[in-house]
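A short write-up of the structure that comes next.
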Amino acid sequence: NQLARVAVVGCMRLIEKNTHDKETKLPIEEFFKDEFDENPAPSQAVEVSRLIVRHDARFHANNLRTRLFARGVSHVIANDLGPAYGVVETKLQEQLERNGVPFSVVADPRYIPKYKTDNLGIMIDTNELSNRLDPDVLSGMKANSNTFQYWGDAIRH
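Numbering (this note's numbering), first residue to last: 6 to 162.
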């Protein structure tokens with residue numbers, strides 16, 4: 006009787022705006038210049054980037070996505086950062102809505118050549134998201150807010 010092995014893959018990157026260089030822009034500000042020319046993202050803003058979650062079972066994918074969001078939210082709160090932006094495809098926007106992630110659309114969909122697809126700009130309400138996350142998950146993440154997080158087995162090839 007062997008245990009079934011399951012592969013769950015997930016990652017997320019937070020890009021922090023450079024507070025020392027006023028000319029530095031987040032990718033969302035570059036992709037949606039018209040929306041940010043008059044009102045640039047504040048110097049403490051971050052952008053969620055490269056959110057990737059892969060698993061055949063929706064439960065496991067959503068669980069990992071929730072942990073990634075909790076990790077990001079705890080980092081934003083612990084370091085007094087925000088707001089948090091994202092450049093997302095419509096499909097991800099719909100998943101975020103289904104999963105109860107509070108956000109507002111700050112830029113309508115348009116073709117982004119770098120991503121070779123239509124994307125829209127969103128701003129995530131990290132304070133409200135932290136209220137919606139499981140307090141035990143969030144407190145565990147806050148306790149390790151400046152550390153690399155890894156869950157699972159590593160296989161060397």
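Even glycine gets a Cβ: it sits at the ideal position worked out from N, Cα and C. For clarity, every value in this text was computed on a predicted model and none was experimentally measured.
Rounded straight-line distance, which links the Cα of residue j to that of residue i
{"i": "residue 97", "j": "residue 41", "result": "22 Å"}
{"i": "residue 47", "j": "residue 125", "result": "19 Å"}
{"i": "residue 81", "j": "residue 51", "result": "8 Å"}
{"i": "residue 99", "j": "residue 122", "result": "16 Å"}
{"i": "residue 17", "j": "residue 56", "result": "4 Å"}
{"i": "residue 14", "j": "residue 58", "result": "6 Å"}
{"i": "residue 19", "j": "residue 118", "result": "21 Å"}
{"i": "residue 103", "j": "residue 115", "result": "22 Å"}
For residue i, three-class secondary structure by DSSP
{"i": "residue 4", "result": "Nothing about residue 4 can be reported from this structure: the residues present for the chain run from 6 to 162 only."}
{"i": "residue 56", "result": "strand"}
{"i": "residue 136", "result": "helix"}
{"i": "residue 112", "result": "strand"}
{"i": "residue 26", "result": "coil"}
{"i": "residue 14", "result": "strand"}
C-beta atoms of residue i and residue j nearer than 8 Å
{"i": "residue 92", "j": "residue 32", "result": "yes"}
{"i": "residue 73", "j": "residue 60", "result": "no"}
{"i": "residue 78", "j": "residue 134", "result": "yes"}
{"i": "residue 129", "j": "residue 111", "result": "no"}
Whole-Å CB distance - residue i paired with residue j, under 8 Å assumed
{"i": "residue 28", "j": "residue 86", "result": "So it is not a contact: roughly 19 Å between Cβ atoms."}
Residue environment, residue i, which counts as buried when at least 16 other CB atoms sit within 10 Å
{"i": "residue 95", "result": "exposed"}
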